[in-house]
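What follows is a set of notes on a single structure, which appears directly below.
There are 2 protein chains.
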Amino acid sequence: MSRPSNAAHVTLADVAAHAGVSRATASLVLRDTGSLTEDTRNRVRASMNELGYVYHRGAASLRASRTQSIGVIVSDISNGFTAELTVGLEEALAAAGVVALIANTLESTDRQELLVRSMLERQVDGLLIIPAIGTTRAMAERLSTVGVPVVIASRDIAVPGLSYVGIDNVTGGSCAAEHLLTHTNGPVAFLGGFTELGPRQDRVAGIKRALATASDAWLEVDIPGPPNGSWGLETARRLLDDGSLPPTIICLNDQVAFGVYRALREARPEGPSPVRVVSFDDVAEAALWEPPLTTIAASGHEVGVRCADILLGRIEAPDGPTVRTLITPTIVVRESCGCLV
Amino acid sequence: MSRPSNAAHVTLADVAAHAGVSRATASLVLRDTGSLTEDTRNRVRASMNELGYVYHRGAASLRASRTQSIGVIVSDISNGFTAELTVGLEEALAAAGVVALIANTLESTDRQELLVRSMLERQVDGLLIIPAIGTTRAMAERLSTVGVPVVIASRDIAVPGLSYVGIDNVTGGSCAAEHLLTHTNGPVAFLGGFTELGPRQDRVAGIKRALATASDAWLEVDIPGPPNGSWGLETARRLLDDGSLPPTIICLNDQVAFGVYRALREARPEGPSPVRVVSFDDVAEAALWEPPLTTIAASGHEVGVRCADILLGRIEAPDGPTVRTLITPTIVVRESCGCLV
DNA sequence: TTGTAGGCGTTATCAT
DNA sequence: ATGATAACGCCTACAA
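Taken in sequence, the protein lines are chains A and B. So the first sequence is numbered by this note's numbering: it starts at 119 and just counts up by one. So the second sequence is numbered by this note's numbering: it starts at 119 and just counts up by one.
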């Protein structure tokens, strides 16, 4: 039962010697291959346990082609959507016996390049990347030559040779606007998100498309910014000071909406303001918020699972085609949009 | 400029041949060691670029002792505190040129064992673990024999040979209760958290200690449960139905508090209830909440940085002592505790 | 300053 | 059913 922690390093040769077989045989039981006696198998396994043997994947990767691991490089793991994505990915990967090695770029493209390199040095079988802000097309193109399948998630960079999985934000945007149009009109604001990123571009496009079908509604305010609550708070404060905040607001995500509501409360402490707000993501807090947020829900989990499927497939069949998948979001109608009042 | 993506695999020998030097020389420029001509160095580096050489860390780890990577095994990356922790860790590690490979147990001890094994197979230089619920002392003891430094974070399991970094939750708990005692008394509720985990145990201990100094305040309701908003909502609903929810409430974390507030609003839609709430963590939404949450803030970032320091230190000096560090949290007084009203 | 010659732990191909 | 043996890509003495 007790592990000999003093042993410098137990190798397959040690195990083989201890079990009285050759290294080759020990290797076979390790991989559950070949035709070996149950008895031999058990004896070798017993020796492994007794000696505290640890497989050396680095050495194995010298000969074998797979490491059963894929590298996951995300821009910001503290983003709820991203976290959910990694969970879906890990669940789907676990079923295939491959592990995800996750690392954060913190939105630095330098760090991103370093991490890609680092993952490749570790012989990962595939790569999943949520590109950092500022990732150029040239950087993305280089990814298509790394020798293992790569899938880009969330932030689209259409490059041949790279697969992509993301949310259909155009549909999401028009869905948000269409819903608002059923019970409101006039000027609309869109708040938050970086203009250089697909999610914002697509959501705005969808919103504009929907608004274009109405004669009495238009996008009057459109301000880009970081997708977080404090930016939402600041921006809404400023707009409220100006008197230029429209009563119908679409926020890039729930976080921004939280900030907007804080600003509204500061401005009119006496009671809820007559605004209509729709946001995106449906994070856990959205349903608990006052008022509960109407939001466009997209499943990070589903994106993660899809990424796993694609990677696993392309690892099996490296010459298969690259794929582009869009997950369709759905609107969750609660109270913030004002239609239930 | 163009990478030969067709090349099966470029090795150091290829690079050496291309640059007209020996493998040993090429290896030296790889590691920036030895005394080589600037010219030789440049020539070799040029060949590396031209050939698209990728360092094979697995092969290197056969001879070298370090892989410049540490394994990070967390119970749930979508927890804000955990995410923040990994960011602090990665920042501190990056300065030392080591990368963190993160994986999620999803609170499964089976998966935890698998991931520990997997990280060790990949020859990580150290291990950081936030134990999954249900991790036994025996499992933890086995960690002290893995041959690389291990630090446990957040959830304490005191085992010789393992370092620990966490939040001083006893102080946090007493801090919360003491603050409430300055302007309230009577029955108090503590809601959320798993009884088998240190954070809850310590917070309750701190709260009881502080309450014991007052003659007219006591912990009347103490209900364990999952540390999330939906549990907070359900539980508060039930207590409200019974009429057994005390007006003074301490929540395991902000999420639980969010759920409690939702239940309060459902119960009295006409306006804010006269409750006093203090929670833990100070996640981004806490300041934006209505009312803004008074909460015990602990820096996950700081915990992460400390973990990195300890690991790097012990990797340098494997025989150094194991350390236990507690980060002291601070109270952020906002409106939910009712003292500003 | 550079080259030569093992050896690290594993897998794969052949024999036996 | 099992065993020899030769790679795999890199590092490290040591020799030149």
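Ideal placement from N, C-alpha and C gives every residue a C-beta, glycine not left out. Small disclaimer: the values here were computed from a predicted structure and weren't measured.
Around the Cβ of residue 204(A), a 10 Å sphere holds 16 or more other Cβ atoms; the residue is buried. The beta carbon of residue 323(B) lies closer than 7 angstroms to those of 288 and 291 in the same chain, with the five residues before and after it left out.
Residue-level contact by beta carbon holds for residue 236(A) and chain B, with a gap shorter than 8 angstroms. A straight-line Cα-Cα distance of about 22 angstroms links residue 195(B) and residue 319(B). Under DSSP, the beta-bridge partners assigned to residue 398(B) are 414(B). Bounds of the beta strand (DSSP E) holding residue 369(B) are 366-369.
Residue 208(A) sits away from residue 346(B), with the two beta carbons spaced by 8 angstroms or more. At a beta-carbon threshold of 7 angstroms, none of the residues of chain B lie near residue 367(A); the nearest stands roughly 15 angstroms away. By a beta-carbon distance limit of 8 angstroms, residue 131(A) does not contact residue 162(A). Their separation comes to about 12 angstroms. Residue 313(A) counts as exposed, since fewer than 16 other beta carbons sit within 10 angstroms of its beta carbon. For residue 162(B), the nearest beta carbon of chain A is not closer than 8 angstroms to its own beta carbon.
One Cα belongs to residue 129(A), the other to residue 416(B), and the distance between them is close to 44 angstroms. Inclusion of residue 225(A) and residue 418(A) in the CB contact set at 8 angstroms is not warranted, their separation being larger than that value.
Rounded to the nearest whole angstrom, the CA to CA distance from residue 232(A) to residue 188(A) is 16 angstroms.
Burial is judged here by how many other beta carbons sit within 10 angstroms of a residue's own beta carbon; residue 256(A) has fewer than 16 and is exposed.
Residue 456(A) has a beta carbon lying at 8 angstroms or more from every beta carbon in chain B. Taking 8 angstroms as the CB threshold, residue 222(A) lines the interface with chain B.
When 8 angstroms is used as the limit between beta carbons, residue 171(B) is near no residue of chain A, the shortest such separation being about 11 angstroms. Neighbours of residue 245(B) in chain A, taken as residues at a C-beta separation under 9 angstroms, are lacking, since the least C-beta distance is about 13 angstroms. Taking every protein chain shown into account, the CB of residue 297(A) has 16 or more other CB atoms within 10 angstroms, so this residue is buried. DSSP places residue 379(B) inside the alpha helix (DSSP H), whose first and last residues are 372-385. Proximity of residue 195(B) to chain A, defined by a Cβ-Cβ separation below 8 angstroms, is satisfied. For the pair of segments examined, the stretch 272-288 of chain B was found not to touch the stretch 332-349 of chain B: the number of CB pairs separated by less than 8 angstroms stays below three. In the displayed model, residue 167(A) falls within a helix according to three-state DSSP. Check the Cα spacing between residue 304(B) and each of 263(B), 393(B), 260(B) and 422(B): the tightest is with 393(B). Counting along the chain, residue 305(A) sits inside the beta strand (DSSP E) bounded by residues 304-309.
When CB distances to chain A are screened at a threshold of 8 angstroms, the residues of the stretch 373-386 of chain B falling below it are 373, 376, 377, 379, 380 and 383, in chain order. Counting C-beta pairs with one atom in each stretch, the stretch 177-192 of chain A and the stretch 174-194 of chain B have three or more that are closer than 8 angstroms, which means they touch. Around residue 204(B), the beta-carbon contacts reaching into chain A at under 7 angstroms are 195 and 222. Counting the other Cβ atoms within 10 Å of the Cβ of residue 206(B) gives 16 or more, which makes it buried. Judged by DSSP secondary structure, residue 440(B) falls outside any beta strand (DSSP E); it is assigned neither H nor E.
Taking all protein chains in view, the Cβ of residue 436(A) is surrounded by fewer than 16 other Cβ atoms within 10 Å, so the residue is classified as exposed. No Cβ of chain B is located within less than 8 angstroms of the beta carbon of residue 145(A). In the three-state reduction of the DSSP assignment, residue 408(B) falls in the coil class. Using a CB distance cut-off of 8 angstroms, residue 175(B) counts as an interface residue toward chain A.
Ranked by Cα distance from residue 455(B), the first of 401(B), 284(B), 368(B) and 158(B) is 368(B).
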